[in-house]
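Peer 1: First to last, the protein sequences are chains A and B.
Going from the first sequence to my numbering is simple: count from 1 and add 202.
Going from the second sequence to my numbering is simple: count from 1 and add 41.
All C-beta atoms in this analysis are idealised placements derived from N, C-alpha and C, irrespective of residue type, glycine included.
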Amino acid sequence: MLSITCSGFGGQGVLTAGLLLANVSMEAGKKLTWVPSYGSEMRGGTASCHLRIDDNEILNPFYSRMDALIAMNEGAVESFADRIAEGGALIVNTSMVADRAFRKDVRVVRVAATELSQQLKNPRGANIIMLGAAVEATGLFPAEQFADGIDGYFQRKGKNNPLNRECFMQGVQAARKAREASWI
Amino acid sequence: MAMKLMKGNHALAEAAVRAGCRFFGGYPITPQTEILEYLSARLPEVGGVFLQAESELGGINMVYGAAAAGCRAMTSSSGPGFSLLQEGISYIASAELPAVFVDVQRYGSGLGDIFQAQSDYFTATRCGGHGDYKLLVYAPASVQESVDLTMLAFDKADEYRNPALLLSDASIAQMMEPVELPEMRDVNFDRPWAMRGKHGGPNKRVSSTMYYIEDFDAYIKAKYDAMIAREQRWESVRVEDADVVLVAYGVSARICKEAVALARERGMRLGLLRPISLWPFPVKGFESVNPDVRGYLAVELSALPRLRDDVLLATGQRVPTESFLGGMHIPEPSAIIEKAAELIAE
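#1: Contact between the stretch 246 to 259 of chain A and the stretch 220 to 229 of chain B is defined here as three or more beta-carbon pairs at a separation below 8 Å; is this criterion met?
#2: For a contact defined as C-beta to C-beta under 7 Å, what are the partners of Pro374(B) on chain A?
#3: Which whole-angstrom value is the C-beta distance of Asp144(B) and Leu208(B), which I expect to be below 8 Å?
#4: Is DSSP giving Asp199(B) helix, strand or coil here?
#5: Given a cut-off of 8 Å, decide if Val216(A) and Met274(A) are closer than it, judged by their beta-carbon atoms.
#6: Look at the alpha carbon of Val278(B) and the alpha carbon of Leu319(B), and state the distance between them as a whole number of angstroms.
#7: Three-state secondary structure (DSSP) at Pro219(B)?
#8: Taking DSSP as the reference, what is the three-state secondary structure of Arg147(B)?
#9: Locate the alpha helix (DSSP H) running through Phe65(B), then write down its first and last residues.
#10: Would you list the residues sitting across from Asn258(A) in a DSSP beta bridge?
#11: With distances taken from CA atoms, which of Gly336(B), Gly151(B), Ile130(B) is nearest Asp173(B)?
#12: Would you mind giving the Cβ-Cβ distance between Val330(B) and Val286(B), rounded to the nearest angstrom? I have them listed as a contact below 8 Å.
#13: Can you tell me whether Glu388(A) is helix, strand or coil according to DSSP?
#14: Anything in chain A within Cβ reach of Ser212(B), meaning under 9 Å, just list it in chain order.
#15: Listed from N- to C-terminal order along the chain, which residues in the stretch 213 to 240 of chain A have their beta-carbon within a distance smaller than 8 Å of any beta-carbon of chain B?
#16: Please report the Cβ distance between Thr340(A) and Ala291(A), rounded to the nearest whole angstrom; I am assuming they are in contact, meaning their Cβ atoms lie under 8 Å.
#17: Output needed for Glu317(A): all residues of its chain with C-beta closer than 6 Å, excluding positions within five of it in sequence on either side, in chain order.
#18: Can you give me the C-alpha to C-alpha distance between Ala259(B) and Tyr240(A), rounded to a whole angstrom?
#19: Does the separation of the CB atoms of Leu222(A) and Leu322(A) fall below 8 Å?
#20: What number of angstroms, rounded off, separates the C-alpha of Ala377(A) from the C-alpha of Ala300(A)?
#21: Based on the DSSP output, what are the partners of Trp320(B) in its beta bridges?
#22: State buried or exposed for Pro85(B), treating a residue as buried only when at least 16 other CB atoms are found within 10 Å of its CB.
#23: If we ignore side chains and look at the alpha-carbon of each, how far apart do Phe322(B) and Ile269(B) end up?
#24: Could you tell me the boundaries of the alpha helix (DSSP H) in which Gly122(B) lies?
#25: What residues from chain A crowd round Ala302(B), counting only those whose CB sits closer than 7 Å?
#26: So that I know if they touch, is there some Cβ in chain A lying closer than 8 Å to that of Leu207(B)?
#27: The stretch 211 to 236 of chain B: which residues have C-beta closer than 8 Å to a C-beta of chain A, in chain order?
#28: So does the stretch 327 to 343 of chain B actually touch the stretch 158 to 168 of chain B, counting three or more Cβ pairs closer than 8 Å?
#29: Mind listing the chain A neighbours of Lys298(B)? Cutoff is C-beta to C-beta under 7 Å, in chain order.
#30: Helix, strand or coil, according to DSSP, for Pro361(B) in the structure here?
#31: For Leu17(B), would you say it is in contact with chain A, using Cβ-to-Cβ distances shorter than 8 Å as the test?
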């Protein structure tokens, strides 16, 4: 079972990143739970979602130790980085989080997702870049399969944007580079 | 059938539509407002009526009226709003009308807060309003059960001509899980007792049935006794050989399921009895529990014990029965196991 938390400011697509993960997992026949937590603000407040994904029934939707954290902002690192299980993955949006030595016992992927999404002319795709890094770092799905899943999700909504796939693959690349550099 | 990813609140609302609910009157309150939001768009699509009332009192009395006309009708609320519904619920029960209510529990008395809790147990299961009545009370522990139990609640409310309550909580209501939705039902609202115009037939009346049923005491007792005999529902997990049995409903039961799995990995014989119907309480579920069980632990997201009372009544207080409480913080399965281990050590 994989427990993964996605956290950041409201408006950064934190809940949507989790929803994408949930939808693609469901389409692949997996069991999952998606638990949101957010304040009353639509934008600017803290938003998180907590997912558990497995081939078997999810007993408890809550967890205290996670396998991966997608940290879109500084607050996400402060709130959750200590709770990543040893050997887990920390995906850091270095556009919003000051780069530093993070935990030595977790695999760290640094990706300037906010800037990268702007360069890719898809400024709302920073969450998808982060998701790409998380999917690759956890090995939850082969990258191409997940990218197809994202396309399918947005196609069903009639909102497909090929730049989303590009964003996703950029995140995947960031995780691959981090692996080659031994996650330091 | 294809699975759909849905929030508990949305799934419950869609299930109500598919169960044939065609009237909703209610007032928004977190964490159940998605039910209203969803139905405000969905009910008109199927020829139903959605009304945002001026208050919870308005909403529940609209439901009374719609139910009197034979329509499958519903309202939903949470904590403070659920308190406001009680007078109307008592009237609907006294008129022996079917209707379905939802309480998505939130924490605290007074205004409280918007996060999950299970503190409305007594209001739900004892009799929240005045007089002699009970609600059929169902507690979903997943998004799928939010669908399945909504369908059941409408059917049972009709069968017994008695209102039913879905007792959910903020976490089951807000979380998403894949669900399978049932087919749309076609329900005939032209029932013999429904106020749909006289059309040359006999007079019909909707008021407290105590005014015109002879030997009302025995009549109404028999009706509720029949529900107690036939409508107990529960799930049990490894209770047959358990040294300690956890008793929990709704989201607490999900946490307990993990506790049971973890404890069993460690060789500790823990079991779980999960009431699905909170009223009638599944006393029969305790019959399959290990006769040499050492104790029970009622696990609930509330500051004060509620569910424990029903465990004590069901088991005749034969063995130690403790509470694992807490609403402000979601309990860790390991903490539940620790407390259960203390019961075994005693």
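Peer 2: Reading it off the structure:
#1: no
#2: Asn262
#3: 6 Å
#4: helix
#5: yes
#6: 17 Å
#7: strand
#8: strand
#9: First-last for Phe65(B): 64 to 67, but that is the beta strand (DSSP E), not the alpha helix (DSSP H).
#10: Answer is none; Asn258(A) lacks a bridge partner.
#11: Ile130(B)
#12: 6 Å
#13: A question about residue 388(A) goes unanswered here, because the residues of chain A that appear run from 203 up to 386.
#14: Val237, Pro263, Phe264
#15: Leu221, Ala224, Asn225, Met228, Lys233, Leu234, Thr235, Trp236, Val237, Pro238
#16: 6 Å
#17: Ser297
#18: 51 Å
#19: no
#20: 19 Å
#21: Val178(B)
#22: exposed
#23: 8 Å
#24: 120 to 135
#25: Leu261
#26: no
#27: Ser212, Gln215, Met216, Met217, Glu218, Pro219
#28: yes
#29: Leu261, Asn262
#30: coil
#31: Since the first residue shown for chain B is 42 and the last is 387, residue 17(B) is missing from the structure and cannot be characterised.
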